[in-house]
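**Student:**
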Amino acid sequence: MPELPEVEVVRAGLEPAITGATVTAVQIFDERSLRRHTAPAEDFVDRMIGSTFAAPRRRGKFLWVPVDPSRTDSALVVHLGMSGQVLLREPDAAVDRLTRISIDMTNPEHGPVRVDFVDQRIFGSMALDTLVESGDLPGDLVPSQVRHIARDPMDPNFDDARFFTRLAARNTGIKRALLDQTLISGIGNIYADEALWASRIHYDQPTSALSRPRAKTLLAEVRLVLGKALAEGGTSFDAQYLNVNGESGYFSHSLNAYGQQGLPCPRCGRMIVREQFMNRGSHFCPWCQRVRGAN
DNA sequence: CCGGACTCCTGGTTGC
DNA sequence: TGCAACCAGGAGTCCG
Numbered sequence: 184m185p186e187l188p189e190v191e192v193v194r195a196g197l198e199p200a201i202t203g204a205t206v207t208a209v210q211i212f213d214e215r216s217l218r219r220h221t222a223p224a225e226d227f228v229d230r231m232i233g234s235t236f237a238a239p240r241r242r243g244k245f246l247w248v249p250v251d252p253s254r255t256d257s258a259l260v261v262h263l264g265m266s267g268q269v270l271l272r273e274p275d276a277a278v279d280r281l282t283r284i285s286i287d288m289t290n291p292e293h294g295p296v297r298v299d300f301v302d303q304r305i306f307g308s309m310a311l312d313t314l315v316e317s318g319d320l321p322g323d324l325v326p327s328q329v330r331h332i333a334r335d336p337m338d339p340n341f342d343d344a345r346f347f348t349r350l351a352a353r354n355t356g357i358k359r360a361l362l363d364q365t366l367i368s369g370i371g372n373i374y375a376d377e378a379l380w381a382s383r384i385h386y387d388q389p390t391s392a393l394s395r396p397r398a399k400t401l402l403a404e405v406r407l408v409l410g411k412a413l414a415e416g417g418t419s420f421d422a423q424y425l426n427v428n429g430e431s432g433y434f435s436h437s438l439n440a441y442g443q444q445g446l447p448c449p450r451c452g453r454m455i456v457r458e459q460f461m462n463r464g465s466h467f468c469p470w471c472q473r474v475r476g477a478n
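For this note's numbering, add 183 to where a residue sits in the first sequence, where the first one is 1.
1. List the endpoints of the continuous alpha helix (DSSP H) containing residue 396.
2. At 4 residues or longer, what runs of the alpha helix (DSSP H) sit wholly inside the region 194-239?
3. Compare the C-alpha of residue 207 against each of 216, 217, 235 and 354 and name the closest.
4. Quick one, are the C-beta atoms of residue 311 and residue 227 less than 8 Å apart?
5. Within the same chain, show all residues whose beta-carbon is closer than 8 Å to that of residue 297, passing over the 5 residues directly before and after it, in chain order.
6. Does the Cβ of residue 372 have 16 or more other Cβ atoms within 10 Å, making it buried, or fewer, making it exposed?
7. Measuring straight from C-alpha to C-alpha, what distance separates residue 259 and residue 463?
8. Compare the beta carbon distance of residue 382 and residue 400 with 8 Å and say whether it is the shorter of the two.
9. Please name the residue in 329, 266, 453 and 184 whose C-alpha comes closest to that of residue 240.
10. Can you look up residue 332 in the DSSP assignment and give me helix, strand or coil?
11. Which value, in whole angstroms, describes the spacing of the CA atoms of residue 394 and residue 388?
12. Does the beta-carbon distance from residue 336 to residue 409 come in below 8 Å?
What follows is the structure, given as structure tokens:
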């Protein structure tokens, strides 16, 4: 499941190839991948062709590429959903069966390139959207679809104090809060479980009863887990995720809790369990991670 | 504000 | 072998 590290790897890989490139052709193989484009597919194609991209940007799991920034306030917004991949291909390379959108472009330095949006489950999407003020920093522009998304913990402008305040004001469970992209973005099921395991916090620990020191530990562990994944090039145990060069970037060996049910906890040796929570699996060590009172 | 249910979706796996 | 049921979950929406 692409989370912040995987999306960042895609962004970084795309940057040298598409910054300054001009779109020459667009093929839509499946219009469902344009679900978040509010106008018809023809509108998407018409506006894309001839457009020149600025450097790709990211907030949480959202990626966007400003289009002709001096002339327009548009951006190509990309979300990978559950199974999305953005692949950089030679213009004459074969098109993968699950390719939903294919974009041909010319880069003034590198010549013709092709970007393929491949997505098995079609939870991901591409869309052209309007850039608007983010509202938290003057002059900071984000696509309107991304405006409600909080800054992610790797963002230099992430406000730790504000996060702790908002977290403490919540009346909910900690994992639910971690997965709430309007509170903190970029964290999905895998890294939520990993950061909670590292912090020895139970997924259903009430946020209101989570002490400030433990919240600080958790945020630090979130950053460690994301940073480690970033350094390793993203996680994908099921090889759904490929980076922009089509190289598999998985390192499931470094997971301590996610998908480790039935295996010994790397810390205490007791068995990791998996429970259904929020319509998804939660993996944790029942010994190390227990719900605590106001401590 | 909160949480639960529901929707989108299909390849791989499991079970008979 | 063949087929159907089941599973994975990011994010948005709706409802009580």
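Backbone N, C-alpha and C fix where the C-beta goes; we use that ideal spot for every residue, glycine too. Bear in mind that the values here come from a model prediction, so they are computed numbers and not experimental data.
**Tutor:** A quick look at the data gives this:
1. Taking the first sequence and counting its residues from 1, one reaches residue 396 at position 213. Per DSSP, residue 396 belongs to the alpha helix (DSSP H) from 395-415.
2. 224-231
3. Indexing the first sequence from 1 puts residue 207 at position 24. That would be 235, whose Cα lies nearest to the Cα of residue 207.
4. Taking the first sequence and counting its residues from 1, the one referred to as residue 311 is at position 128. Taking the first sequence and counting its residues from 1, the one referred to as residue 227 is at position 44. Contact flag set, yes.
5. Here residue 297 is taken as the residue at index 114 of the first sequence, counted from 1. Around residue 297: 271, 272, 273, 274, 276, 285, 286, 287 and 288.
6. To locate residue 372, count along the first sequence from 1; it is residue 189. Buried, because 16 or more other Cβ atoms sit within 10 Å of the Cβ of residue 372.
7. Taking the first residue of the first sequence as position 1, residue 259 is located at position 76. Taking the first residue of the first sequence as position 1, residue 463 is located at position 280. When rounded, the distance between both Cα atoms is 30 Å.
8. By 1-based counting over the first sequence, the position of residue 382 is 199. By 1-based counting over the first sequence, the position of residue 400 is 217. Closer than 8 Å, so yes.
9. Working through the first sequence from its first residue, we reach residue 240 at position 57. Ranking the options by Cα distance to residue 240, first place goes to 329.
10. Start at 1 with the first residue of the first sequence, and residue 332 comes out as number 149. In this structure, residue 332 counts as coil in the three-state DSSP scheme.
11. Here residue 394 corresponds to residue number 211 of the first sequence, with the count starting at 1. Here residue 388 corresponds to residue number 205 of the first sequence, with the count starting at 1. Distance between the alpha carbons of residue 394 and residue 388 is about 11 Å.
12. In the first sequence, counting from the first residue as 1, residue 336 sits at position 153. In the first sequence, counting from the first residue as 1, residue 409 sits at position 226. Closer than 8 Å, so yes.
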